[in-house]
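Residue numbers (this note's numbering): 5 to 946. Read the structure below first, then the notes.
Pasting the structure below:
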C-alpha cells in the first residue's frame, strides 16, 4: 500500500511508532491512533495489515532532509531515545539524563542552521525562560537550559500520562452516557473497558464531571501563576494540557505565549492560537489580556463536560463566525450530570465581553472548586429575564417581533382612558421592557454588522453600494447609539449599592495591570534605596526614579478605578451588565484601530481613489487590452471588462499575454515596473503585484510513470501525483512573481514575517531586499490577509497549469538548463554550510532565496514557479481520483480541511521536488517555514 504524503520525517516517525506498537503486542488500535492523530492516515494501514510497516510506503521515498538529531546521539548529557513530537522549527524527544539516570522530555531547535533567524532563536529561548520562571506544580517544569553545537535546547519533566485531547478522544468513543471515572482512567492509560456496563464502568457520570472540574481548576491555578508573572498563554486547549496518572494536570507549550514589559500585559493584532479555542477578541485580532486565556479555558471546560465545542463549525471560518455571533447552549442541557452552578460557571467563562468573565484565573478556580463542595459560586445562573434575552440573541428575529408586541401593548393601554392610573403603571413597565428589548436589539444589530463587515474583508470589499448601505444602515446608526448608552449607564450607576473598601481592594488586586503596578513599585523602591545609599550613577538613577514615579502615578490611577457595581435587584444588575458590555463592544466597533466602522470608511475612500486611477484614467488602456485579448485565439473571444485596482501594462514580449499592475500593493505613483530594452519588465522594490491574465482551458494535470511516449511522463512521479486527469479552467489572473516582502508589508500595513530580511538575515546568507519573496507565514494567515484585498491563493490546478505553461515534461525547461530557471539546493547552498542534500552539478548563484525575477521565465512569462520559495495553494489536499470543480479546478477534500499543500520546491530542496507535478503536504494550515511563501491570484470580474 502506498501513501500520498511526501514528508520523509513524518513517514519515518510513523514507521517507528508502528513498529513500537507491534513489538509491544498492543491491540488498542483506535486509542493508539488517537494518541497520534496527526499521523493516522499513515499508521492505520501499517498497524492494520499483517506486513512490515515498510510495505505501506511509496515505492520511491526521498531520504530525510537534514536529519541531524537522531535517536541514539547525546546532547549535553542527554541521550535521545525516541521522538515524541515535532513542529515547524523544533522537536521534543524522550531522552535519558545520564547523570541522574532518569527520563526527561528534551526540546531542541532542529531546523537547519541556515534557516535559523534571530527571531526563531529568541522565541525558542523565550519559551524556555518563561517556563523556567513559572514555578508551579501545574506547569511543566524546566530542568535545564543548554546549547549543543550552537543549538539551544531545554529539558523538561516527563509527564507519565496523556494529553487531555487524547483522553477526550477516547471518552468520545465511550459516549457521554458512558462517561465515568473508570472510563477516564482507562482512557488515560490507553484503553477503554470492553464492557461499559461492568461494575467499575458503571460509576455515576458525576464522577467524571468531578474529575473534569478538578483538572480545569488545576489549569486555572497554573494560569493564575502565569498571569501574575505577566504571561498570557494564548493557546490553552486540550492538547496543551498534560495529565499525570496521579491526577495532576500540567499546562504545557508556551511557544506562543507573550510577556510584556512594565507597561502592560497585552498584545495587539496577533491571532496566534487555535480557532476552536480562541476568545472573540483574539479571533478579531484585538488587544488581549489574561481574560482571553480564561475564555479558552472555558472552552476546554465546556468541551470536556459535553464532548462538544461551544461554538461548532465544519471549517475554521464557520467556527469563528459562530464564536462571534452565537451564544453557547448551556452545558447542563447537553449533559444532565452538569449541575446548574457548574453550567453557570462555564457560561461566565465564555462571556463574549471580557469584562463579564471572571476577573482572574484564581476567581475561576474558586468557583470551580465551590461546585464540588456545594458552596455558593459567584457566577449567576441566568434568571428568566436573562434566559429570554439569551434565547432572543440566538434567534434575533424574535427580538424585533417582541419589540412590536411591546409597542402594541403600550398603544392598547394608551387607548384605554378609563384606566388612567393603571395606564401610568403599565406604561412605566412597558417602557422599561421596551428599553430592554431595544438594548437587546442593539446587540443583535451589532452581531449582524460585525458579521457583514467580516464578509467585506473576505470577498465583497469592492462592492461600493453594499459598503455604503452597510455604513448608512448599520455602522453609523450604531455609532450614534454609543453616547446614549453611556448616558444610560451613568444613570443606572446612580442607583448602585455603596462601594466599600473590600470591593475597592478586590478591584485593584484583580485588575489585569495590578502585577505591573507592583513591579513598578518594587523598582521605584530599589532606585530610592540606591540614591539614599549613595548611587554610583546618581543622575541616571534620579532620572529613572522620576520616570518611574510618573508611570506609577498613571498606572495607580488606572488600577484604582472602580470596576465593581452591585445593585439591589437581579434585574438592575443584569441591565447594568448588559449596557456595560454593549458599550465595550460598541467602542471596539467604532474606534479601535481595526474596527469594522473604520475599515468600511477606509475601504470606501480607497475604492473611490482606485476607481479613478485604475478605471477612469486608464480607460484607453482597458479598451486596447480588451480588443487584443478578444482577438487572441487562446482566449476564444473572451471579453475583459475594466478591473478596479488593476492597470494594464501591455503584453509580455515573449508570451504575448497581457500584464496588469495591482495598485494597492505598490508604492503610490511608483507601482509600475520599468521595461528593459527587450520590452520585458524590470522588477523593483516599489512595484505592485504584476498579474498575468492566463487563458485557461483544458490541460492535463498530474503525472504518470508508465509510458515515456505519453504526455506528462515523469519517472520520479509519486503515487499521490497520479493519475493524469484533464481539468478545465476559466481565465484567471496570476502574479508574474512570488509576492515580495515589500508588497506584503504594503498590503498588511505592518512588518513582514520573513526570516530572510535585511534585519534578520543570518551571516551566511546575502542581505535581503524588499524584492525578496515573503515567507514564514501560514496558509490560514496568508488567506485572511489576501482576502482583505480581493486576492487569494491559486488552486492546485491553477498553479500546475501556470507552471507547466503548455509543457508535458517534468519541468517547464530542460534539465540541463535548470540553473538558469530555478533556485534550488545546489553548490551555492553547500558553500555556505547547508546541511541538507544538494545538486552537485548545479550552481544557480543563490544559497537562500533570490530577489524575484532573478531567473528566466517560463512560456507564460512567469518567474520562479520552480524553486526559490515553495508556494502555498488554496484548496484542501485531495487525491487525484477525487472530482475537481469546474472553473478553478478546486479539490473536494478527503484529507481534512485542516491540511494544505504547497508546490514548486525551494532553495533548500532538490530539483526533483521542484517538478511541475510535485506536491508536498503540511500537517496544518498553521504550518510555517522559512522556505514557504506565496504567489497571489485574483478572479476575473465579469
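Glycine included, each C-beta is placed from N, C-alpha and C at the ideal position. For clarity, every value in this text was computed on a predicted model and none was experimentally measured.
Return the CA-CA distance between residue 937 and residue 780, expressed in angstroms with no decimal places.
7 Å
In the DSSP output, what is residue 744 paired with across the bridge?
777
Assuming residue 873 and residue 742 are in contact, meaning their beta carbons sit under 8 Å apart, how far apart are those beta carbons, in whole angstroms?
The pair is a contact, with the Cβ atoms about 6 Å apart (cut-off 8 Å).
Cβ of residue 307 within 8 Å of any chain B Cβ
Looking for chain B here will not work: only one protein chain is present.
Would residue 369 and residue 221 qualify as a contact pair, given that the criterion is a beta-carbon distance under 8 Å?
yes
Is residue 855 near residue 773, with beta carbons less than 8 Å apart?
yes
Range of the contiguous beta strand (DSSP E) that encloses residue 345:
That residue, residue 345, is in no beta strand (DSSP E); its alpha helix (DSSP H) goes 344–353.
Using the Cβ count rule (16 or more neighbours within 10 Å means buried), how would you classify residue 515?
buried
Would you grab the beta carbon distance between residue 96 and residue 88 for me? Rounded to a whole angstrom, and I think it's under 8 Å.
5 Å
Do residue 939 and residue 972 have their beta-carbon atoms positioned less than 8 Å apart in this structure?
Only positions 5 to 946 of the chain appear in this structure, which leaves residue 972 out of reach.
Quick check on this structure: which residue in 517, 495 and 601 has the alpha carbon closest to the alpha carbon of residue 455?
Minimum Cα distance to residue 455 is reached at 601.
Applying the criterion that 16 or more other CB atoms from any shown protein chain within 10 Å of the CB defines a buried residue, is residue 551 buried or exposed?
So residue 551 ends up on the exposed side.
Give the single residue among 76, 172 and 296 whose Cα lies nearest to the Cα of residue 363.
296
Can you name the start and end residues of the beta strand (DSSP E) that residue 370 belongs to?
Element bounds for residue 370: not the beta strand (DSSP E) but the alpha helix (DSSP H), 365–377.
Buried versus exposed, by CB contacts within 10 Å (16 or more), residue 119
Because residue 119 carries a pLDDT of 45, less than 50, the predicted location of this residue cannot be relied on, and no value is offered for it.
Which residues in the same chain have their Cβ closer than 6 Å to the Cβ of residue 651, if we skip the five residues on either side of it in sequence?
Only 618, 622 and 665 meet the Cβ criterion.
Continuous beta strand (DSSP E) stretch holding residue 156: start and end:
Segment 155–161, the beta strand (DSSP E) holding residue 156.
Out of 161, 133, 218 and 457, which has the shortest C-alpha to C-alpha gap to residue 168?
218
Pick from 645, 610, 496 and 737: whose alpha carbon is nearest that of residue 575?
496
Does DSSP put residue 4 in a helix, a strand or coil?
Any property of residue 4 remains undetermined from this structure, which presents the chain solely from 5 to 946.
For residue 645, does the three-state DSSP call read helix, strand or coil?
Taken through DSSP and simplified to helix, strand or coil, residue 645 comes out as coil.
Alpha carbon to alpha carbon, what distance is there between residue 579 and residue 423?
Per-residue confidence for residue 423 stands at a pLDDT of 46, beneath the threshold of 50, marking its modelled position as unreliable; the derived number appears in the next sentence. When rounded, the distance between both Cα atoms is 29 Å.
Using the three-state DSSP reduction, which class does residue 940 fall into: helix, strand or coil?
coil
Alpha helix (DSSP H) segment containing residue 500, residue limits
No alpha helix (DSSP H) holds residue 500; DSSP gives it neither H nor E.
Rounded to a whole number of angstroms, what is the C-alpha to C-alpha distance between residue 844 and residue 822?
Roughly 13 Å between the two C-alpha positions.
Identity of the residue in 305, 827, 945 and 681 nearest residue 912 by Cα
827
Give the secondary structure of residue 27 by DSSP, where H, G and I count as helix, E and B as strand, and everything else as coil.
Bear in mind that a pLDDT of 45 at residue 27, under 50, signals an unreliable position, so the number given afterwards is only what the model happens to contain. Residue 27 falls in the helix class under three-state DSSP.
So, helix, strand or coil for residue 602, using DSSP?
helix
Do residue 524 and residue 482 have their CB atoms nearer than 8 Å?
no
Specify, as a first and last residue, the run of the beta strand (DSSP E) that residue 803 falls within.
Careful: residue 803 lies outside any beta strand (DSSP E), inside the alpha helix (DSSP H) at 800–808.
Name the residue from 460, 328, 294 and 518 whose alpha carbon lies nearest to the alpha carbon of residue 589.
328
Neighbourhood of residue 155 by C-beta, 7 Å cutoff - its chain only, sequence neighbours within 5 removed:
These residues qualify, in order along the chain: 112 and 113.
From 883, 571, 871 and 887, residue whose alpha carbon lies closest to that of residue 925:
883
Among the candidates 310, 143, 326 and 376, whose CA atom is the shortest distance from the CA of residue 317?
326
Tell me, please, whether the region 139–146 touches the region 248–255 by the rule of three or more beta-carbon pairs shorter than 8 Å.
Touching, yes.
For the alpha helix (DSSP H) that residue 519 lies in, which residues bound it at each end?
518–537
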